[in-house]
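Input: a single structure, listed below in structure tokens.
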Amino acid sequence: MIPRHFVIAMAVLLVAVLGLSVYAWHMRSTAASTPVASGDTRPLAPPVAGPTERVTLYVAHDDDGSLRAESAQIPLPSGRQQRAEELLRTLLSLYLDKSSPHVLGAGADIRSVFLVDPGVAVIDLNSAFADTHRSGVLVEELTVASLIRTISANTPGILRVKILVDGKERDTLAGHADLSAFYDVTAVNQLATQLQPAP
Amino acid sequence: MRWTKSKRRGDFRSAGVPPAVLSASRGPTVGTPIIGLILISALVLFGAAPDKYLAVYSVAANYSLPLVQREGRAYVGLLEVLEPLGKVSAKADGPRWRLRYNNSVEGDFQVGKTHARVQGRDADLAGKFLVENNRGLVPVGSLGSLLPRILGGPVTLHEESARLFIGSVATHFTASLSADNPPRLVFHFTGPVNPTVATEPGALRMTFSREPLVAPASPTLTFGNKAIPSAIYSESNGMAVVTVNATIPVMASFSSDGRTVTISPTSASAATAQNTNPPAPGAATSPGQPPPAPLTTPPAAPPAARRYFAVVDASHGGDDHGETLSNTLLEKDVTVALARSLRQELESRGIPTLVLRDSDANLSVDQRAIFANADHAAIYIAVHAASNGHGVRVYTSLLPFGGDDRGTFRAWTTAQHASLPLSQSAAAAVASELQRRQIPVRTLTAPLRPLNNVTGPAIAVEVAPQGSDSSQLTAPDYQQLVTSAVATAIAATRDQLGGAP
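Going down the list, the protein sequences come from chains A and B.
Those letters in the first sequence? Residues 1 to 199, by this note's numbering.
Those letters in the second sequence? Residues 1 to 501, by this note's numbering.
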């Protein structure tokens, strides 16, 4: 004959198993309904605290393939490197908006910006930035020119820029724009001039 | 790479020689003078079996390799075929034989098997794979399908004549008979040639052993003239031969840096003068025959490297799809079609053109630049396609920072620097012609490889539909509209580009 305490223990365990199963099923359903973008924990807006400054963003427009200078009043931290990061994140927040003139993929982010003297800036993008970027010579160079022109226009002294993806060197952004070498800021400024909208 | 009829490798000592003869010929240590006598007798009675060679033509090098007969087929060493084309190594591991090419392509072969694996994909061989002295031998008939997978580019094999063309390297020719009296037969070649010329009664024979000459539309050309009635093209044993039938003594003269050969009747005085010259190397003379007709020997200098005026690069390919233009349309497929169309348009304007990627093959940007630089093309044109925007965008290189040249050596990342003004000039000409044809066009610089690695003038052309429908990119009419404009502009700036380094 089976001891009574053993039957009770088995019944409790059975109830626990059933309860955990229902809980797991519930958690799974909840996870499935959560948008993928929830993995993007980056703050899209710059910190609201502190004094604001007027900066010039060079915004890409796909409709006419142009790069347009647009003024913005944003709060910026005091550190030079942190300022550069927030500047590019402000630019990125424009591109992540659904109504953006130059949409970037969900989850695209600037991991960090390093300013190395003399005159070198290293922009480290996350892998989603490059992996979800649309392919094409013009569309890729608009992104590159936008990033470099914006950071160089608002951060004096930058002569060359290197773009990394996830901290590593990558051949191209999305099959076309070369990321293997250092960009010459002077040459990119000339490109930005070429990319100005027709009068 | 030097052309030579001697074997490139000692491992091919057995080429064309029966095994019994080979064992006897390995040295006198056998000490069997009887075998030696038998050998000498056999050679005297039957003559040595003629060596057979595979001629390989490529942008990087032209060379010949000895063939060996195994299993009733002609075999060639795969390593020897690839050695002049890139960095290649092989490792024998029991019955397996592994090949590595340019540190990126791997092949796995098994002795006695008729299939292999290259880059993880099956490849059928025309016969069993063999290994002799650690060297992998493949049937010559397999090269046409095997090499494109290894080299990542188009390969054309003329199996019967053992001639292998890697890439679009072929030299074409036309022949026309002038209405002069006496008549002159003029051959125009798309590249410099330096054939061995020989005469015999009723014919003049030009043998092209180094040039990638290919047949005209018809191998027999008839001219309807009594003095020079016809010419016949043929190929065998790695060589191409053009035989001009003539009822009068004729001579060959070369002009246009070896691109033109004129066959004309000789005068008695010319004949006398020519007969005082030593016979040209390889000239056919045999006892009992009448004296050979006078020849004008070709230039003594070695033949110039094959040079294309334009190199058209169909961007992307293989695993690199480029932009996905629509659910069914990839950029890599459109660029090949555009590149072929552009080649046709350029060649119809008399501009020799090489298409770098003429199939769905992987080709790195470094390889593309190396091919373009090795060919010293007057213009490099990369072709891209895009779904965004309208019309055509013409790019020149946005040079990266730095890249200091060292003496005569140019920095790889800024190799384009010296040619940038010419590139910009060509881009402006192309844009102007497109504009003239009512096609929306922009000229821009772009950080687009390999433009910055090309030493000569280099542009990229990105073709987008005129409207929003990407399927227009596959429309032959639209493709021809664009490529025709580009070709016209290149032809118009030919003189300017021709002076490029």
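For glycine and all other residues, C-beta sits at the position ideal for the given N, C-alpha and C.
Determine, using beta carbons only, whether residue i comes closer than 9 Å to chain B.
i	result
GLN194/A	yes
TYR58/A	no
THR132/A	no
THR172/A	yes
VAL139/A	yes
LEU159/A	yes
ALA24/A	no
GLN190/A	yes
SER135/A	yes
VAL144/A	yes
ASP62/A	yes
SER38/A	Summary for SER38/A: the model assigns pLDDT 45, below 50, so the residue's position carries little reliability, and this model does not support an answer.
ASP178/A	yes
PHE114/A	no
Quick one: measure Cβ to Cβ for residue i and residue j, integer angstroms, because I've assumed they're closer than 8 Å.
i	j	result
ASP200/A	SER127/A	With chain A running from 1 to 199 in the structure shown, residue 200/A is simply not present.
VAL113/A	VAL103/A	That belief does not hold up - the Cβ atoms of VAL113/A and VAL103/A are roughly 22 Å apart, past 8 Å.
THR443/B	ALA427/B	5 Å
LEU226/A	ASN189/A	Here chain A comprises residues numbered 1 to 199, so residue 226/A is not present and cannot be evaluated.
Between which two residues does the alpha helix (DSSP H) harbouring residue i extend?
i	result
ALA374/B	365-375
GLY144/B	143-151
TRP25/A	4-33
THR246/A	Lying before the first or after the last residue shown, residue 246/A is absent from chain A, which here runs from 1 to 199.
GLU433/B	420-436
ASN154/A	137-154
VAL336/B	331-348
VAL185/A	185-194
ASP131/A	127-131
DSSP puts residue i in a beta bridge; with which residues?
i	result
VAL76/B	VAL138/B
MET239/B	SER236/B
LYS162/A	VAL122/A
PHE165/B	TYR57/B and THR156/B
TYR63/B	VAL56/B
ILE379/B	ALA310/B
ASP124/B	HIS115/B
ALA203/B	GLU200/B and ASN245/B
TRP97/B	ALA92/B and PHE109/B
HIS384/B	GLU462/B
SER112/A	ASP124/A
ASP502/B	A query on residue 502/B cannot be resolved here, the shown segment of chain B reaching from 1 to 501 and no further.
Using a Cβ-Cβ distance cut-off of 9 Å, determine whether residue i contacts chain A.
i	result
LEU342/B	no
ASN362/B	no
SER387/B	yes
THR445/B	yes
PRO400/B	yes
ARG393/B	yes
ALA460/B	yes
HIS384/B	yes
LEU448/B	yes
Mind checking which residues open and close the beta strand (DSSP E) that includes residue i?
i	result
ASP512/B	Given a span of 1 to 501 for chain B in the structure shown, any question on residue 512/B remains unanswerable.
GLU70/A	66-75
PRO212/B	From DSSP, PRO212/B is part of no beta strand (DSSP E); its letter is neither H nor E.
GLU71/B	That residue, GLU71/B, is in no beta strand (DSSP E); it is neither H nor E in DSSP.
ALA492/B	Run containing ALA492/B: none in the beta strand (DSSP E); it sits in the alpha helix (DSSP H), 476-492.
THR260/B	260-265
SER89/B	88-93
ALA174/A	Careful: ALA174/A lies outside any beta strand (DSSP E) and carries neither H nor E.
SER176/B	173-177
ALA116/B	115-118
ILE459/B	458-463
GLY107/B	105-110
ALA446/B	441-446
PHE189/B	185-189
PHE223/B	Looking at the DSSP string, PHE223/B is not in any beta strand (DSSP E), and its letter there is neither H nor E.
With a threshold of 9 Å between beta carbons, is residue i in contact with chain C?
i	result
ASN452/B	The structure shown contains no chain C; the protein chains it does contain are A and B.
*How do the stretch 223-233 of chain B and the stretch 136-155 of chain B stand: do at least 3 beta-carbon pairs fall below 8 Å, yes or no?*
no
*Meets three-Cβ-pair contact criterion under 8 Å: the stretch 452-460 of chain B and the stretch 406-415 of chain B*: yes
*Within the chosen definition, does the stretch 377-385 of chain B reach the stretch 306-325 of chain B through at least 3 CB pairs nearer than 8 Å?*
yes
*With contact counted as at least three CB pairs below 8 Å, one residue from each stretch, are the stretch 141-161 of chain A and the stretch 351-360 of chain B in contact?*
no
*For the 8 Å Cβ check, are there 3 or more pairs between the stretch 477-485 of chain B and the stretch 342-355 of chain B?*
yes
*So, do the stretch 128-140 of chain B and the stretch 65-80 of chain B have three or more beta carbon pairs nearer to each other than 8 Å?*
yes
*Looking at C-beta atoms only, is the number of pairs between the stretch 98-110 of chain B and the stretch 165-179 of chain B that lie closer than 8 Å three or more?*
no
*Does the stretch 80-96 of chain B come close enough to the stretch 189-208 of chain B to have 3 or more Cβ pairs within less than 8 Å?*
no
*Does the count of Cβ pairs from the stretch 391-411 of chain B and the stretch 105-124 of chain B closer than 8 Å reach three?*
no
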